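Here is the structure we will look at, set down as structure tokens.
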Amino acid sequence: MLYSLNKREKLSNKQDIQTLFSKGKAFFVAPIQLLVLATDKKELNNIKVGFAAPKKKYPKAVQRNRIKRLCKEAYRLQKDELQALFNPKQSWHIMVIYSGKELLPLNELQKALYKAFKKASHV
RNA sequence: ACUGCAAGCUAGACUAUCGUCCCGAUAACUAUCGGGAAGGAAAGUCCGGACAGCAUAGAGCAACGCGGCAGAUAAUUCCUGCUCCUGAGUAAUUGGGAAGCUAGUGCCACAGAAAAUAACCGCCACGCUUCGGCGAGGUAAGGGUGAAAAUGUGCGGUAAGAGCGCACGAAUGAAUAUGGCAACAUAUUGAUUGGGUAAACCUCGCGUGCUGCAAUACCAAAUAAGUAAACGCUUGAGGGCUGCUCGCCCAAGUUUAUGGGUAGGUAGCAAGAUCCUAACAGCGAUGUUAGGGCUAGAUAAAUGAUAGUCCUCGACAGAAUCCGGCUUAUCGGCUUGCAGUAUUU
RNA sequence: GCCGCGUUCGUCUAACGGUUAGGACACUAGGUUUUCAUCCUAGCAAUAGGGGUUCGAUUCCCCUACGUGGUA
């Protein structure tokens, strides 16, 4: 339970993603770009996350899968600390987009993700 | 042993911890247990099918594809084997293609007399002559151009020449015999010889109805109302109807713009032209029989991370309806057969 | 996923199967000018890659690579 990341904690509605991309606020820290949107929907988990990699920078499916897996792992291992940064009264939709030129190893990716979340939570 | 050619196989292994998706059971709303979880190309979408929807009285045209023979298959233009032509290679082997220019039309730049009913310079006899040639013919041996110039060489023949005749060849299609299921090959006979190009238009033969799982079916919601314009109401607008035409059927409203609105779920969807092993038939593609297995099924989309050990230190790369082929990418490793070179026996 | 279209100098483009692949802008050199700009002259520079048909391919055919559009 502590380190889990299953279907309920991921963005799974097509319309939610559309509104997130059109109305969400964007933050850029190092290789990671975040899209954050506060919603009024009442759900069990207060944070829903999605992961993405741009097709223009990574044309091969293997590369995109690799990026998304590493990002998921980095989020999963420090989920409690990241979730504590956001207001638990609202529910949040967050999209994590990796737009760096080269792949980072996992421990550096964790630090970068934490920095990005911290910046987004301040605003 | 080295270099190469062809065919095929493989695509790091194991342990521990945390985590993802699906199925089943127990719980009952998020847990536990058990089972399963990417490829040889999953890729490109170049072909062929399955499956689904729509269409289909019938006829013609158009469009597209293919074109040696036989086999194999659910099916094909792919595949397998063979025949012929041609390019590469010392060879094993391998790339390309194969109906019809004697149905018609077009094109063949530059050069050259002429690029297709051949005659510029030549050669030849005849007539005239002011002896320089001129006229009306015959001829295609010689000349140079070009990618290509009217079957090559020799002898005979002739005014000069010419397949005009002969000998030896070349090419084409025909008949007969032999071999082969056939394409075709070999031999003999007699015949003919006026270019190339159909991956030029085209002709002949054969094949193809169209669209594609974002197909399609069901549930829920919606496609509304209003306004404006055009055409029409049996003298037929429009639709069925698809590339077009004929033809057939239905027909009183139809089309466009504006306006405002939907896009969620379930099935399709994983037991099949199925996979593995063995035997048999066949040169092979492939087929038959026996035994065993159930082996991904998501919908923002699942296989990862960390630590350790070993080795040859790990390439290209990620399923989205499913199969058969082709093509392309690929670090290496292994097996079999064959060719060439060198050495030894 | 399925179905189409395209690729020519650094950029935008032209071409009947037949020249040394043409033009404009840009770049380089020279000239004109006291100098710069304008103008004039010359130069540089391309058929996406591979194979085939043909006497000869930018053009015709096949394969590959890349780009791009449609389809809810």
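Residue numbers (numbering that gives the first Met the number 0): 0 to 122. The beta-carbon is built from N, C-alpha and C at its ideal position, and this holds for glycine as well. Fair warning: this is a prediction, and the values are worked out from it, not measured in the lab.
Cβ separation of residue i and residue j, assumed to be a contact under 8 Å, to the nearest whole Å
i	j	result
Pro30	Leu103	7 Å
Phe26	Lys118	6 Å
Tyr19	Leu34	Note on identity: in this sequence residue 19 is Leu, with Tyr being the wrong assignment. Leu19 to Leu34, Cβ: 6 Å. Contact.
Ala126	Val48	No information on residue 126 is available, as it lies outside the stretch 0 to 122 that the chain covers here.
Glu72	Leu105	6 Å
Delimiting residues of the alpha helix (DSSP H) encompassing residue i
i	result
Lys47	Counting along the chain, Lys47 falls outside any alpha helix (DSSP H), though it belongs to the beta strand (DSSP E) covering Ile46 to Ala51.
Coarse secondary structure for residue i, derived from DSSP in three states
i	result
Leu108	helix
Leu103	coil
Met0	Confidence is the limiting factor: at Met0 the pLDDT is only 40, short of 50, which leaves the residue's position unreliable, though a coordinate-based value still follows. In this structure, Met0 counts as coil in the three-state DSSP scheme.
Ser120	helix
Host beta strand (DSSP E) of residue i (start-end)
i	result
Lys24	Lys24 to Val28
Bridge-paired residues (DSSP) for residue i
i	result
Lys9	Val48
Ala37	Trp91
Tyr97	Ile31
### Within the stretch 53–92, ranges of the alpha helix (DSSP H) (whole runs, at least 4 residues)
Counting whole runs of 4 or more residues, the stretch 53–92 contains the alpha helix (DSSP H) stretches 60–76 and 78–83.
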